[in-house]
Amino acid sequence: MDGDVCPLKELVDVAKEVSHGRGNIQFVVDEAHSIGVIGQDGAGLVCELDLQEEIAVVMHSFGKALGATGDAMINFGGSVIYSTSPSFPFVAAIKSGYALLAGGHTRQAQEKIQDLAAVFFESVTLHPLWPVVSKKGLLSVPLAHGWEDRAFLTHIITVSTHQSYVYWLYFHLLYKSFSVFPIEYPVVPLGQGRLRVTLHASNTEEQVKSLVGAIYAWVEEMLELGKGGTVKTASEAAKQVYSWMAQEGLTGFGMP
1 MDGDVCPLKE LVDVAKEVSH GRGNIQFVVD EAHSIGVIGQ DGAGLVCELD LQEEIAVVMH
61 SFGKALGATG DAMINFGGSV IYSTSPSFPF VAAIKSGYAL LAGGHTRQAQ EKIQDLAAVF
121 FESVTLHPLW PVVSKKGLLS VPLAHGWEDR AFLTHIITVS THQSYVYWLY FHLLYKSFSV
181 FPIEYPVVPL GQGRLRVTLH ASNTEEQVKS LVGAIYAWVE EMLELGKGGT VKTASEAAKQ
241 VYSWMAQEGL TGFGMP
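Residue numbers (the UniProt record's numbering): 1 to 256.
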């Protein structure tokens, strides 16, 4: 959910130690987000860690990087909508996706995602406000801590702030034309809402830097609003959204 990577190798080592080599502890690994992005030719996390012989079940789904299913297919593919078993277009899309991975056609895209993630973390952590706002909790990017030391970066990055401000930051980024959606309960525990940034190979370095710039523009606005000690009014983008919601008789999304 947050783009962090489970310590799979360490877990396998502990399982071996606890079971004394009897093999009665086995792992099922869901590679939904790693297939096509992580590992040689996008083979996934298990292959990246060279644990193919240690994992009992590796599950690959096809709605993320392989793009074989999901909203686009559901909305426009009649043969997918009305099929109760894997349809020909679905299976063909999976096969085509694997062919692209196996042929090395996605390597450049994978490398670009790594570069873009590095640009994001570098831009966030080198900003002069980062030490102050991260300490205050006004801006939290958990994966930004120690990012330089990781063997690889993920394309999913969590950005959070004080819970009452999560939607305010979302509205601000939406107004700046960035598609960064909030993740709220029940997807995550109550009171732990956050925004999820998902990078893809078609993004540009300039777009990533602009996103970080937009985040910090909101941070600066919030610092200005809180000069008196307590933020008593919503940020500008949130005000506009709440004004429209009030006219439509709507509630929610952090609306006072």
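Ideal Cβ positions, reconstructed from N, Cα and C, are used throughout, including at glycine. Note that the structure is predicted; figures quoted are calculated from it, not measured.
Test item: CB-CB of residue i and residue j under 9 Å
| i | j | result |
| --- | --- | --- |
| residue 36 | residue 110 | yes |
| residue 97 | residue 138 | no |
| residue 238 | residue 254 | yes |
| residue 215 | residue 119 | no |
| residue 68 | residue 90 | yes |
| residue 160 | residue 140 | yes |
| residue 240 | residue 171 | yes |
| residue 193 | residue 166 | yes |
| residue 158 | residue 187 | no |
| residue 129 | residue 169 | no |
| residue 63 | residue 106 | no |
| residue 144 | residue 121 | yes |
| residue 28 | residue 58 | yes |
| residue 217 | residue 176 | yes |
DSSP bridge partner residues for residue i (one or two, in chain order)
| i | result |
| --- | --- |
| residue 197 | 157 |
Cβ-Cβ separation, residue j to residue i (assumed contact under 8 Å), whole Å
| i | j | result |
| --- | --- | --- |
| residue 142 | residue 2 | 7 Å |
| residue 155 | residue 94 | Contact doesn't hold; Cβ gap of about 20 Å is too wide. |
| residue 45 | residue 31 | 6 Å |
| residue 282 | residue 173 | Any property of residue 282 remains undetermined from this structure, which presents the chain solely from 1 to 256. |
| residue 222 | residue 235 | 6 Å |
| residue 265 | residue 25 | Limits of the chain in this structure are 1 at one end and 256 at the other, which puts residue 265 out of reach. |
Minimum Cβ-Cβ distance from residue i to chain D less than 9 Å
| i | result |
| --- | --- |
| residue 203 | Included in the structure is just one protein chain, with no chain D present. |
- Can you list, in chain order, the stretches of the alpha helix (DSSP H) that have 4 or more residues and sit fully within the region 96 to 120? none
- Message: Below 8 Å, how does it come out for the region 179 to 188 and the region 94 to 101: are there three or more Cβ pairs, yes or no?
- Response: no
- Message: To test your reading of the DSSP string, which unbroken beta strand (DSSP E) runs of 3 or more residues are found completely within the region 136 to 182?
- Response: 156 to 159
- Query: Taking only runs of the alpha helix (DSSP H) that begin and end inside the region 25 to 58, which ones reach a length of at least 4 residues, in chain order?
  - Reply: 45 to 48
- Hey, is the region 202 to 211 in contact with the region 7 to 24, meaning 3+ C-beta pairs nearer than 8 Å? no
- Length at least 4, wholly inside the region 217 to 255: the alpha helix (DSSP H) runs in chain order: 236 to 248
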